[in-house]
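Numbering (the working numbering), first residue to last: 2 to 476.
Every residue, glycine too, gets a C-beta built ideally from N, C-alpha and C.
Note that the structure is a prediction, hence the values are computed from the model and not measured.
Read the structure below first, then the notes.
Below is the structure:
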């Protein structure tokens with residue numbers, strides 16, 4: 002009777018779960034475990050025997066080739082019908098399509114009329130392949146296409162079971178971005194997990210098993226995942242927790258610009274006060290996000306303080322009215338007193354929050370001042386080095402000048418030595434002359450005296466001239 006129902010809806014023995022048992026509500030999609038799918042080669046051979054046609058198409062998927070017929074494929078896939086014209090005999094699907102050889106084998110089995118085996122472990126791959134190949138063609142009334150079959154399986158089997166949903170979610174991460182941009186399977190898993198949770202107020206996402214795999218994806222794929230989570234989760238605090246978990250897991254492997262792009266998915270105005278305060282004090286977050294969170298926190302804190310102050314002022318003015326209305330009007334109630342005390346406590350908490358925010362602002366300002374001082378010291382050091390270089394150049398020039406002066410001084414000393422030697426040489430000359438006058442006989446003629454006087458005067462003039470020249474050279 003169950004098989005008759007399958008035939009009536011055109012999904013005869015199509016969905017098969019090998020290792021899982023489902024509840025009665027979902028077992029209608031699971032045939033008997035004794036069934037095993039027919040290999041693709043046998044299906045191709047049977048088709049060739051029935052039609053008398055040999056495989057005329059060679060399809061390459063991830064370095065694996067398939068010899069298939071065009072007709073079964075084009076009858077199910079709009080994408081292949083568009084590409085496989087009469088002149089096309091070879092086609093490469095992967096790359097560019099994100100389809101594995103194993104997944105394409107299952108899709109080809111389905112095109113040849115075999116019973117398709119779908120489990121939570123291969124649903125993401127089959128669903129993504131069905132969307133990429135546009136498997137929307139049917140064989141008449143009552144026949145479902147592959148896209149419809151995978152959608153039905155997800156709604157009736159996976160979406161009602163959080164464990165299966167977690168398996169499909171993790172499978173989608175390896176198929177990003179196509180699993181979300183084409184199949185929208187990641188966001189559907191997030192929505193199913195959100196709906197099956199008893200309490201949407203999640204305090205810690207690190208304990209959720211399916212979130213642990215999110216931190217392993219690439220930053221560009223995480224953008225898609227966090228966008229799906231942001232659009233589907235009603236509690237926006239979960240988005241912040243997931244981003245924080247991812248940034249901690251990718252510490253050292255992600256740039257500051259990538260952090261900023263990821264944090265742009267967080268809307269600080271939708272965060273709860275506790276999460277917002279944590280975001281302001283979180284050192285993992287980029288500085289731009291912290292500043293944005295601080296502005297939102299200050300705005301919300303100011304608004305809450307003003308509203309609490311307005312409520313607190315009203316009970317303070319009531320005792321006069323109570324005193325005036327003692328005779329006949331209603332006095333202040335216990336509820337009003339409790340409300341006033343609650344408003345006071347809330348105002349104190351908000352003041353403490355504002356104080357913590359101010360301290361955080363001060364610490365950031367101190368960090369900025371420290372950076373400015375470091376830059377100033379660096380500039381001063383650079384200038385000092387430049388000045389020292391200039392002084393060294395000037396000193397080198399001065400030293401060369403002083404070396405010339407010392408050389409002149411040496412010449413001067415040499416000049417003084419020459420002067421001394423000249424004077425000393427003149428002394429023996431005079432003594433010789435005197436000795437000649439006293440010891441020897443006097444010259445016999447005046448010409449001899451005149452010649453001697455001329456020699457003495459010439460030597461004296463040459464010595465004076467030499468002394469003057471040396472003096473000029475010295476100064």
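Buried or exposed: which applies to residue 386, given that a residue is buried once 16 or more other Cβ atoms fall within 10 Å of its Cβ? Residue 386 counts as exposed, since fewer than 16 other beta carbons sit within 10 angstroms of its beta carbon.
What residues match up with residue 345 in a beta bridge as DSSP calls it? According to DSSP, residue 345 bridges with nothing at all.
Inter-stretch contact (C-beta, 8 Å, three-pair minimum) for the segment 87-95 and the segment 44-54: no
Tell me which same chain residues have a C-beta within less than 7 Å of the C-beta of residue 238, skipping the five on either side of it? Answer for residue 238: 272, 273, 276, listed in chain order.
Residues near residue 1 in its chain [Cβ-Cβ closer than 6 Å; skip 5 each side]: The question about residue 1 has no answer, for the chain in this structure spans 2 to 476.
For residue 60, the residue or residues it bridges with in DSSP: 67, 92
Where residue 295 falls, given that 16 or more other Cβ within 10 Å makes a residue buried: It counts as buried.
CB-CB length for residue 243 against residue 227, believed under 8 Å: Rounded to the nearest angstrom, the Cβ distance from residue 243 to residue 227 is 6 Å, consistent with a contact under 8 Å.
Determine contact between the segment 105-115 and the segment 70-82, defined as no fewer than three beta-carbon pairs at a distance below 8 Å. Remark: three or more beta-carbon pairs, one from each stretch, lie closer than 8 Å, so the segment 105-115 and the segment 70-82 are flagged as touching.
Should residue 50 be labelled buried (16 or more other beta-carbon atoms within 10 Å of its own) or exposed? Around the C-beta of residue 50, fewer than 16 other C-beta atoms lie within 10 Å, and the residue is accordingly described as exposed.
Contacting residues, own chain, Cβ-Cβ under 8 Å from residue 122 (five flanking each side not counted): 168, 172
Please list the terminal residues of the continuous alpha helix (DSSP H) segment that includes residue 232. 220-233
Buried or exposed: which applies to residue 376, given that a residue is buried once 16 or more other Cβ atoms fall within 10 Å of its Cβ? exposed
Can you tell me which of 161, 159, 160, 136 puts its alpha carbon nearest to the alpha carbon of residue 149? 136
Check whether the segment 295-310 and the segment 348-358 touch, using three or more Cβ-Cβ pairs below 8 Å as the test. yes
Measuring straight from C-alpha to C-alpha, what distance separates residue 459 and residue 467? 12 Å
For the alpha helix (DSSP H) containing residue 83, name the first residue and the last one. Where residue 83 is concerned, the enclosing alpha helix (DSSP H) stretches over 79-84.
Just curious, the alpha helix (DSSP H) that residue 249 is in, first and last residue? 238-250
Backbone secondary structure at residue 306 - three-state DSSP: In this structure, residue 306 counts as helix in the three-state DSSP scheme.
Whole angstroms are fine: how far does the CA of residue 251 sit from the CA of residue 120? 32 Å
Can you give the beta carbon distance from residue 85 to residue 58, rounded, assuming they're within the 8 Å contact cut? So it is a contact: roughly 7 Å between Cβ atoms.
Please state whether the Cβ-Cβ distance between residue 247 and residue 216 is less than 9 Å. In contact: residue 247 and residue 216 (Cβ atoms closer than 9 Å).
Mind checking whether residue 133 and residue 99 have CB atoms under 9 Å apart? yes
Going by DSSP, what residue range makes up the alpha helix (DSSP H) through residue 274? 274-281
In the structure shown, what three-state DSSP assignment does residue 286 receive? coil
Do you know how far the Cα of residue 358 is from the Cα of residue 292? 11 Å
Status (buried if at least 16 other CB within 10 Å, exposed otherwise) for residue 187: buried
What is the DSSP secondary structure of residue 470, counted as helix, strand or coil? helix
What are the boundary residues of the alpha helix (DSSP H) that residue 171 is part of? Residues 163-174.
Among the residues of its own chain, which have a CB less than 8 Å from the CB of residue 1, if the five just before and after it don't count? Examination of residue 1 is not possible in this model, given that the chain is present from 2 through 476 alone.
Cβ pair residue 1, residue 190 closer than 9 Å: Beyond the ends of the chain as shown, which are 2 and 476, falls residue 1; an answer cannot be given.
Using CA coordinates, which residue listed in 240, 108, 61 is at the minimum distance from residue 40? 108
Taking the alpha helix (DSSP H) that residue 50 belongs to, which residues open and close that run? For residue 50, the enclosing alpha helix (DSSP H) starts and ends at 41-52.
Taking its Cβ as the centre, do 16 or more other Cβ atoms sit within 10 Å of residue 25, making it buried, or is it exposed? Reliability of the predicted coordinates at residue 25 is poor, the pLDDT of 32 falling under 50, and no value is obtained from them.
Can you list, in chain order, the residues of its chain with a C-beta nearer than 6 Å to that of residue 269? Leave out the 5 residues immediately preceding and following it. 293, 294, 297
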